[in-house]
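Q: Numbering (the numbering used here), first residue to last: 824 to 1186. Virtual Cβ for every residue (Gly too), placed ideally from N, Cα, C. Since the model is a prediction, treat every value here as computed from it, not as a measurement.
#1: In the DSSP assignment, what are the bridge partners of residue 949?
#2: Leaving out five residues on either side along the sequence, give the residues of the same chain with a beta carbon under 8 Å from the beta carbon of residue 1159.
#3: Report yes if the C-beta distance between residue 950 and residue 1002 is below 8 Å; otherwise report no.
#4: What is the DSSP secondary structure of residue 1006, counted as helix, strand or coil?
#5: As an exercise, report each continuous alpha helix (DSSP H) stretch of at least 4 residues that is fully enclosed by the stretch 1022-1100, in chain order.
#6: Looking at the unbroken beta strand (DSSP E) that takes in residue 1187, where does it start and where does it end?
#7: I need the DSSP call for residue 1142, collapsed to helix, strand or coil.
#8: If you pair each beta-carbon of the stretch 855-863 with each one of the stretch 967-974, do three or more pairs fall below 8 Å?
#9: To the nearest angstrom, how far is it from the Cα of residue 829 to the Cα of residue 868?
#10: Going by DSSP, name the residue or residues bridged to residue 768.
#11: Report yes if the C-beta distance between residue 947 and residue 1031 is below 8 Å; otherwise report no.
#12: By the three-class DSSP mapping on this structure, what secondary structure does residue 877 have?
#13: Comparing alpha-carbon positions, which option in 1057, 979, 969, 1069 lies nearest residue 1095?
#14: Whole angstroms is fine: what's the gap from residue 1169's alpha carbon to residue 1016's?
#15: Taking the alpha carbon of residue 1059 as the point to measure from, which residue in 1077, 1037, 1051 has its own alpha carbon closest?
#16: Using only the alpha-carbon positions, how far apart do residue 957 and residue 870 sit?
#17: Sort 1093, 1071, 1128 by Cα distance to residue 1119 and report the nearest one.
#18: Using the C-alpha atoms, what's the distance from residue 1097 back to residue 1080?
#19: In angstroms, rounded to a whole number, what distance separates the CA positions of residue 835 and residue 979?
#20: What residues match up with residue 1126 in a beta bridge as DSSP calls it?
#21: Could you tell me the distance, in whole angstroms, from the CA atom of residue 1051 to the CA atom of residue 1163?
#22: When the Cα of residue 1005 is compared with those of 1013, 1022, 1053, 1034, which residue comes out closest?
#23: Among 1129, 1047, 1100, which residue has its Cα nearest to the Cα of residue 1114?
#24: Within 10 Å of its beta-carbon, does residue 1014 have 16 or more other beta-carbons around it, so buried, or fewer, so exposed?
#25: Where DSSP assigns a beta bridge to residue 1000, which residues make up the other side?
#26: Under 8 Å between the Cβ atoms of residue 882 and residue 1008?
#27: Taking residue 989 as the reference, give the member of 996, 981, 995 with the closest Cα.
#28: With DSSP run on the structure shown, which of helix, strand or coil describes residue 1019?
#29: Inspect the beta-carbon positions of residue 934 and residue 1045 and report whether they are closer than 8 Å.
#30: Could you tell me the alpha carbon to alpha carbon distance between residue 1078 and residue 856, rounded to whole angstroms?
#31: Please state the DSSP three-state secondary structure of residue 884.
#32: For a test of the three-state rule: what should DSSP assign to residue 1148, helix, strand or coil?
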């Protein structure tokens, strides 16, 4: 492990935490940054060139260590860091922990972008788009062996994978940060720059999601009208629904996960909003038909609405979808005109992006 001055920070740390386990294990270590800060070959290192980008963002805790260089950009943090803020990596350098990384991003991202990063780190997914060179590594016998190890992330195949064999940029893994950690972070880092933006962004995260689409739809529906959202009542992300004996006859599972669950009342049923993106989850949705799943939930007085990414990504059709959901949950949806429409368009400009580019660099 390198010295204490080789600590990745901010966007570099964010990109590092998005790298799947098996890719990390196939990559060569990064050379000592401080000793090679002006080396013209440093940006050509495979990990830096293919993934992290240049300049690298590096943490320093002493003003005398600040320097200006083409390859490395230093960031001064003089406040005392709590235990666990800095963690080791298999690449030879240290990096900010996932939670501390989110705090550092408050300097670089706007509130919506920061909330998106929080959704990813608190979610069951990461988005990593391998370069052609890394795709080649992932086809080697060494990668196949790593894919079988307990720490491996599971890559999701595209909906066209059955015919083309195409893989996606979506990877499944356990959350890197819990929601409790997210909301208590400022207790650990009370004096950190950007805490106001961090708090605002954390309050926009509705729960644990399993794909960018689930996070995008959650924000479009839940964000207040002042931020361009629909301001809908609270729903539960990734809600666990235990199936009754009768429901299990139609759908042989003990429980299912609802992407977005709006709880019902005496006058209306629960509403399960399911997100169907251009990539597919390798879970029970593939094992049993969607119709069987919907029928099983219907037997429990739970209505299922299947929402596609293509419809949500279109501003006009999304208005119809929002209206449908609002009608089902008895929510008076305000008309989108004038200033409200401008805010909605601004939200969509920040939110409906290629998620792999979050943080300013294609992954």
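A: This is what the structure gives:
#1: 994
#2: 1142, 1167
#3: no
#4: helix
#5: 1035-1045, 1068-1073
#6: Nothing can be reported for residue 1187: it is not among the residues displayed for the chain, which extend from 824 to 1186.
#7: helix
#8: no
#9: 15 Å
#10: This structure gives no information on residue 768, because the portion of the chain shown stretches from 824 to 1186.
#11: yes
#12: coil
#13: 1057
#14: 26 Å
#15: 1037
#16: 10 Å
#17: 1071
#18: 10 Å
#19: 24 Å
#20: 1094
#21: 7 Å
#22: 1022
#23: 1129
#24: exposed
#25: DSSP output for residue 1000 lists no bridge partner at all.
#26: no
#27: 981
#28: helix
#29: no
#30: 49 Å
#31: coil
#32: helix
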